[in-house]
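Asker:
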Ligand SMILES: *Cc1c(COP(=O)(O)O)cnc(C)c1O
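Numbering (our numbering), first residue to last: 26 to 445.
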């Protein structure tokens, strides 16, 4: 069991919502720093260890600055994400650029920032050379295909669009060396939201073995392997969190058994986790607007899937609690809905909850990664803002809520008036 807690009382929320009306995201700085220290502690045993936080999980520069302060770098996959890393002061090789189907302008920006480019395909070697030049340090993404099973969100590796085949990699590194590269990295990411320690240890073993094979067959020695992201979090109260010490020990054993005998030590170990770092440290805070009783009983809240899409997109479970009613019996069965004109705009389906009245706060847990970031504006829905609960207990707004003017910002409203 993992306990689903929320850092503010109902009275504190009433007070806070006078300044910042619901809905909003709330992130906890103390919890984020605590998690960052736990990761650094567990993986500090590896030479050149670096966690490049996956910016897409929580693309807010205030959060990136906290993580940079804890020693983390950034993992980016688009031009605006590179600019966010720069805004947060994350520089040079602390930035991984793990993109796919990449436009030339984004490669040029990654080169300008000195980021580590992680190529997604063999044809991109020539494309990069022509458009941005081959850097001294370069990484390639491996797709093991049928050699590795995948999981529900990312799919089977052989059906996934990412990465090089093994044969392509064996040809890619010598070609990159010929074109001037001198330092090399090897990357993979084969799962998403995966809670099994054994699965992640097996991924590390696979990369270590491949690095050994590349050295044997081409004489090229990897400077680092990057295990990607994909570590799961316990969204359901009965789920068990990944034990980071156990994971680190498993990877360390593989390192001793494969990397050391192959003469590859010291081999850097990098990761690009997003979800596990900030997911449990963020909440979507909303209020119940309406109760509705037809064939089912509904609670309509003031947030919708434009603020948090995971339940609608993947049927993902997010735990829900009602501040002040934590100890009440779960007497009701509700669908908890937003206001979008899409019937999948539901945060929970047939969920056991205490009796909810309009005005009650409704907290959606584990929303600190792939939450606000996946928001959208369909149906004219305006995305909510983001608040940070600082370690000293104060609250800072780190992104305001959108307004109708933001929604219209890409329209020339004057031209609409003159149009006939
Ligand atoms: C999404 C992504 C990550 C982060 O994944 P999490 O599941 O949030 O840990 C890391 N690397 C790449 C290339 C990704 O696409």
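No residue lacks a Cβ here, since even glycine has one placed at the ideal position from N, Cα and C.
With a threshold of 8 Å between beta-carbons, can residue 305 be considered close to chain D, or not?
Answerer: Absent from the structure is chain D; it holds one protein chain and no more.
Asker: How big is the Cα-Cα spacing for residue 63 and residue 92?
Answerer: 13 Å
Asker: Can you check whether the CB of residue 87 is closer than 8 Å to the CB of residue 423?
Answerer: yes
Asker: Just to confirm, is the Cβ distance from residue 294 to residue 249 under 8 Å?
Answerer: yes
Asker: For residue 136, I'd like the list of residues in its chain whose CB is within less than 7 Å of its CB, leaving aside the five on either flank, ordered along the chain.
Answerer: 157, 158, 160
Asker: Would you give the residue range spanned by the beta strand (DSSP E) that residue 224 belongs to?
Answerer: Boundaries around residue 224 are those of the alpha helix (DSSP H), 222-243, since no beta strand (DSSP E) includes it.
Asker: State the DSSP-derived secondary structure class of residue 148, mapped to helix, strand or coil.
Answerer: Residue 148 sits in a helix when the DSSP states are folded into three classes.
Asker: Out of 433, 429, 419, which one is the CA nearest neighbour of residue 37?
Answerer: 419
Asker: Among all residues, which have a Cβ less than 7 Å from at least one non-hydrogen atom of ligand 1, and in what chain order do they fall?
Answerer: 79, 81, 82, 100, 102, 123, 214, 217, 218, 253, 254, 255, 256, 297, 298, 299, 300, 301, 394, 395
Asker: At a cut-off of 7 Å, is residue 412 close to ligand 3 when judged by its beta-carbon and the heavy atoms of the ligand?
Answerer: As for ligand 3, it is missing from this structure, which binds only ligand 1.
Asker: List the residues that DSSP assigns as beta-bridge partners of residue 360.
Answerer: 323
Asker: For residue 89 versus residue 78, is the C-beta distance shorter than 8 Å?
Answerer: yes
Asker: Report the CB separation of residue 251 from residue 210 in whole angstroms; it is logged as a contact under 8 Å.
Answerer: 6 Å
Asker: Would you please state the rounded distance, in angstroms, between the beta carbons of residue 123 and residue 131? I believe it to be under 8 Å.
Answerer: Not a contact, Cβ separation roughly 12 Å.
Asker: Can you name, in chain order, every residue of its own chain whose Cβ lies under 6 Å from the Cβ of residue 400, other than the five neighbours on each side?
Answerer: 331, 332, 408
Asker: Could you pull the start and end residues of the beta strand (DSSP E) that residue 101 belongs to?
Answerer: Bounds of the beta strand (DSSP E) holding residue 101 are 98-101.
Asker: Could you name the residues of the same chain whose beta carbon sits closer than 7 Å to that of residue 446, not counting the 5 residues immediately before and after it, in chain order?
Answerer: This structure gives no information on residue 446, because the portion of the chain shown stretches from 26 to 445.
Asker: Under a three-way DSSP split, which group does residue 410 fall into?
Answerer: strand
Asker: Does residue 281 come out as helix, strand or coil in the three-state DSSP assignment?
Answerer: helix
Asker: Do residue 284 and residue 272 have their CB atoms nearer than 8 Å?
Answerer: no
Asker: In terms of residues, what are the limits of the alpha helix (DSSP H) holding residue 64?
Answerer: Segment 54-68, the alpha helix (DSSP H) holding residue 64.
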